[in-house]
Amino acid sequence: MKIAAIAGSNANHSYNRMLLEFIAKQYQDTDEVDVIDIRNIPMFNENYKGKAPQVIADLDQRIKAADAVIIASPEYNHSITSALKSVVEWLSYEVHPLENKPVMIVGASTHEQGSSRSQVQLRDILISPGVNAQVYQGGEFFMSNVANIIDEDGNITDEMSIKFLDKCIDDFKIYARSINRMVAEATAEAKKKEAAKD
(Lines of atoms letter the chains of each structure in order from A and count residues from 1; the text may use other names and numbers.)
(Lines give C-alpha, C1' and ligand atoms only; values in the text may rest on other atoms or scores of the structure.)
Protein backbone atom coordinates (compact mmCIF):
# COMPACT_ATOMS: atom_id res chain seq x y z
CA MET A 1 0.00 0.00 0.00
CA LYS A 2 1.16 3.53 -0.76
CA ILE A 3 0.70 5.76 2.28
CA ALA A 4 1.20 9.52 2.58
CA ALA A 5 2.31 10.26 6.13
CA ILE A 6 1.95 13.88 7.25
CA ALA A 7 3.93 15.09 10.26
CA GLY A 8 1.81 17.78 11.93
CA SER A 9 4.67 19.81 13.34
CA ASN A 10 6.90 22.48 11.84
CA ALA A 11 9.45 22.17 14.65
CA ASN A 12 12.96 21.11 13.66
CA HIS A 13 12.87 18.39 16.33
CA SER A 14 9.56 16.54 16.16
CA TYR A 15 8.73 13.25 17.86
CA ASN A 16 5.72 12.98 15.57
CA ARG A 17 7.94 13.18 12.49
CA MET A 18 10.20 10.58 14.10
CA LEU A 19 7.16 8.34 14.69
CA LEU A 20 6.24 8.50 11.01
CA GLU A 21 9.84 7.86 9.96
CA PHE A 22 9.80 4.80 12.22
CA ILE A 23 6.56 3.61 10.57
CA ALA A 24 8.16 4.08 7.12
CA LYS A 25 11.15 2.00 8.20
CA GLN A 26 9.05 -0.62 9.99
CA TYR A 27 6.87 -1.28 6.91
CA GLN A 28 9.34 -0.71 4.10
CA ASP A 29 9.15 -4.38 3.03
CA THR A 30 5.37 -4.30 2.50
CA ASP A 31 4.34 -0.68 2.02
CA GLU A 32 5.61 2.56 0.54
CA VAL A 33 5.34 5.29 3.18
CA ASP A 34 5.97 8.83 1.95
CA VAL A 35 6.78 10.98 5.01
CA ILE A 36 5.70 14.56 4.32
CA ASP A 37 7.52 17.36 6.14
CA ILE A 38 5.39 20.52 6.50
CA ARG A 39 8.17 22.87 7.64
CA ASN A 40 8.34 24.57 4.24
CA ILE A 41 4.58 25.14 3.90
CA PRO A 42 3.49 28.76 4.47
CA MET A 43 0.56 29.60 6.72
CA PHE A 44 -2.76 29.49 4.90
CA ASN A 45 -3.95 32.83 3.58
CA GLU A 46 -6.92 33.49 1.27
CA ASN A 47 -4.85 36.17 -0.48
CA TYR A 48 -3.27 33.26 -2.40
CA LYS A 49 -6.58 32.56 -4.19
CA GLY A 50 -5.85 31.23 -7.68
CA LYS A 51 -2.10 31.25 -7.14
CA ALA A 52 -1.37 28.70 -4.43
CA PRO A 53 2.34 28.07 -3.80
CA GLN A 54 3.96 25.23 -5.76
CA VAL A 55 4.57 23.39 -2.49
CA ILE A 56 0.78 23.03 -2.10
CA ALA A 57 0.42 21.61 -5.61
CA ASP A 58 3.19 19.12 -4.79
CA LEU A 59 1.48 18.18 -1.52
CA ASP A 60 -1.82 17.74 -3.36
CA GLN A 61 -0.20 15.34 -5.86
CA ARG A 62 1.59 13.30 -3.17
CA ILE A 63 -1.66 12.75 -1.27
CA LYS A 64 -3.68 11.97 -4.41
CA ALA A 65 -1.08 9.37 -5.42
CA ALA A 66 -1.47 7.58 -2.08
CA ASP A 67 -3.94 4.83 -1.21
CA ALA A 68 -4.25 6.15 2.33
CA VAL A 69 -3.00 8.87 4.67
CA ILE A 70 -1.59 8.80 8.19
CA ILE A 71 -1.42 12.09 10.10
CA ALA A 72 0.74 12.39 13.21
CA SER A 73 -0.75 15.10 15.39
CA PRO A 74 1.18 16.77 18.20
CA GLU A 75 -0.77 18.51 20.96
CA TYR A 76 -0.27 22.04 22.23
CA ASN A 77 -2.71 23.74 24.63
CA HIS A 78 -5.15 20.81 24.25
CA SER A 79 -5.24 21.43 20.49
CA ILE A 80 -3.67 20.57 17.16
CA THR A 81 -0.80 22.76 16.02
CA SER A 82 -1.46 25.92 14.03
CA ALA A 83 0.86 24.51 11.34
CA LEU A 84 -1.25 21.36 10.90
CA LYS A 85 -4.51 23.33 10.90
CA SER A 86 -3.02 25.56 8.21
CA VAL A 87 -2.11 22.52 6.07
CA VAL A 88 -5.66 21.16 6.31
CA GLU A 89 -6.99 24.58 5.30
CA TRP A 90 -4.76 24.54 2.20
CA LEU A 91 -6.08 21.05 1.42
CA SER A 92 -9.73 22.13 1.59
CA TYR A 93 -9.54 25.44 -0.26
CA GLU A 94 -8.69 25.07 -3.97
CA VAL A 95 -7.49 21.46 -3.85
CA HIS A 96 -9.26 18.61 -2.03
CA PRO A 97 -6.99 15.54 -2.00
CA LEU A 98 -8.34 14.27 1.33
CA GLU A 99 -11.88 13.87 0.01
CA ASN A 100 -12.91 10.21 0.46
CA LYS A 101 -9.31 9.35 1.33
CA PRO A 102 -8.85 6.84 4.20
CA VAL A 103 -7.06 8.68 7.02
CA MET A 104 -5.60 7.37 10.27
CA ILE A 105 -4.59 9.70 13.11
CA VAL A 106 -1.63 8.89 15.34
CA GLY A 107 0.33 11.02 17.75
CA ALA A 108 3.20 11.30 20.19
CA SER A 109 3.63 13.56 23.18
CA THR A 110 6.10 14.08 25.99
CA HIS A 111 3.16 14.28 28.43
CA GLU A 112 1.00 11.64 30.11
CA GLN A 113 -2.16 12.10 28.05
CA GLY A 114 -0.36 11.72 24.76
CA SER A 115 -2.09 13.57 21.94
CA SER A 116 -5.59 12.38 22.86
CA ARG A 117 -7.28 15.79 22.80
CA SER A 118 -5.66 16.90 19.56
CA GLN A 119 -6.64 13.62 17.91
CA VAL A 120 -10.31 14.19 18.80
CA GLN A 121 -10.13 17.74 17.47
CA LEU A 122 -8.37 16.70 14.27
CA ARG A 123 -10.97 13.98 13.68
CA ASP A 124 -13.73 16.62 13.73
CA ILE A 125 -11.78 18.88 11.36
CA LEU A 126 -11.13 16.08 8.86
CA ILE A 127 -14.81 15.18 8.49
CA SER A 128 -15.90 18.80 7.98
CA PRO A 129 -17.36 19.96 4.63
CA GLY A 130 -14.59 20.70 2.16
CA VAL A 131 -12.26 18.13 3.71
CA ASN A 132 -14.55 15.06 3.75
CA ALA A 133 -11.89 12.52 4.70
CA GLN A 134 -12.83 8.94 5.62
CA VAL A 135 -11.35 8.91 9.11
CA TYR A 136 -10.52 5.53 10.65
CA GLN A 137 -12.47 5.02 13.88
CA GLY A 138 -10.60 1.95 15.13
CA GLY A 139 -7.71 1.67 17.58
CA GLU A 140 -6.28 5.04 18.63
CA PHE A 141 -2.50 5.09 18.65
CA PHE A 142 -0.81 7.74 20.74
CA MET A 143 2.46 7.53 22.62
CA SER A 144 2.76 9.22 26.00
CA ASN A 145 6.09 10.17 27.59
CA VAL A 146 7.60 9.69 24.15
CA ALA A 147 11.02 11.05 25.11
CA ASN A 148 11.50 7.85 27.12
CA ILE A 149 10.60 5.40 24.35
CA ILE A 150 12.09 6.88 21.16
CA ASP A 151 15.87 6.80 21.11
CA GLU A 152 18.21 9.27 19.41
CA ASP A 153 18.17 7.15 16.23
CA GLY A 154 14.37 7.39 15.99
CA ASN A 155 13.68 3.81 17.09
CA ILE A 156 10.78 2.94 19.38
CA THR A 157 12.32 1.00 22.25
CA ASP A 158 9.10 -0.20 23.91
CA GLU A 159 8.02 -3.58 22.52
CA MET A 160 4.39 -3.21 23.64
CA SER A 161 4.12 0.10 21.77
CA ILE A 162 5.53 -1.51 18.61
CA LYS A 163 3.13 -4.44 18.91
CA PHE A 164 0.13 -2.14 19.31
CA LEU A 165 1.33 0.06 16.44
CA ASP A 166 1.59 -3.02 14.20
CA LYS A 167 -2.00 -3.99 15.04
CA CYS A 168 -3.31 -0.46 14.43
CA ILE A 169 -1.55 -0.17 11.06
CA ASP A 170 -2.69 -3.63 9.93
CA ASP A 171 -6.31 -2.88 10.89
CA PHE A 172 -6.13 0.52 9.18
CA LYS A 173 -4.90 -1.02 5.94
CA ILE A 174 -7.91 -3.38 5.91
CA TYR A 175 -10.17 -0.36 6.48
CA ALA A 176 -8.40 1.64 3.74
CA ARG A 177 -8.80 -1.12 1.16
CA SER A 178 -12.52 -1.37 1.99
CA ILE A 179 -13.03 2.39 1.69
CA ASN A 180 -11.12 2.58 -1.60
CA ARG A 181 -13.15 -0.29 -3.02
CA MET A 182 -16.45 1.36 -2.04
CA VAL A 183 -15.36 4.74 -3.44
CA ALA A 184 -14.30 3.09 -6.72
CA GLU A 185 -17.63 1.27 -7.00
CA ALA A 186 -19.60 4.44 -6.25
CA THR A 187 -17.58 6.40 -8.81
CA ALA A 188 -18.13 3.72 -11.47
CA GLU A 189 -21.87 3.66 -10.72
CA ALA A 190 -22.10 7.46 -10.99
CA LYS A 191 -20.30 7.39 -14.35
CA LYS A 192 -22.66 4.68 -15.57
CA LYS A 193 -25.70 6.75 -14.65
CA GLU A 194 -24.20 9.83 -16.28
CA ALA A 195 -23.51 7.87 -19.48
CA ALA A 196 -27.09 6.55 -19.48
CA LYS A 197 -28.39 10.14 -19.48
CA ASP A 198 -26.45 10.85 -22.67
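Using the UniProt record's numbering, the letters of the sequence shown correspond one by one to residues 1 to 198. Glycine is no exception: its CB is placed at the ideal position from the N, C-alpha and C atoms. Remember, predicted model here, so these are calculated numbers, not experimental data.
Is DSSP giving D37 helix, strand or coil here?
Strand at D37.
Bridge partners for Q134 per DSSP, in chain order?
In DSSP, Q134 forms a bridge with P102.
Which whole-angstrom value is the C-beta distance of F142 and S116, which I expect to be below 8 Å?
Contact flag correct, Cβ pair sits at about 6 Å.
Ignoring anything shorter than 3 residues or poking outside the UniProt domain "NADPH-dependent FMN reductase-like" (1-146), list the beta strand (DSSP E) runs there in chain order.
Segments of the beta strand (DSSP E) lying fully in the UniProt domain "NADPH-dependent FMN reductase-like" (1-146): 2-7, 32-37, 68-72, 102-108, 141-143.
Pick from N155, I127, Y93, S92 that is closest to M104, judged by C-alpha positions
Ranking N155, I127, Y93, S92 by CA distance to the CA of M104 puts I127 first.
Which same chain residues end up closer than 8 Å to S73 when comparing Cβ atoms and leaving out the 5 residues on each side of it in sequence?
Excluding residues up to 5 positions away in sequence, G8, N16, I80, T81, L84, I105, V106, G107, S115, S118, Q119, L122 lie with their Cβ nearer than 8 Å to the Cβ of S73 in the same chain.
Considering only C-alpha positions, which residue in the set M43, K25, P42 is nearest to V35?
Out of M43, K25, P42, K25 has the C-alpha closest to the C-alpha of V35.
Would the beta-carbon of G138 be found less than 6 Å away from any heavy atom of the ligand MN?
Ligands displayed in this structure: none; no statement on the ligand MN is therefore possible.
Inter-residue Cα distance where the pair is E99 and Q61:
Rounded to whole angstroms, E99 to Q61 spans 13 Å at the Cα level.
Other residues of its chain near F22: CB distance less than 8 Å, five sequence neighbours each side excluded:
Correct list, in chain order: I150, G154, N155, I156.
Are the beta-carbon atoms of S86 and M43 separated by less than 7 Å?
Contact: yes.
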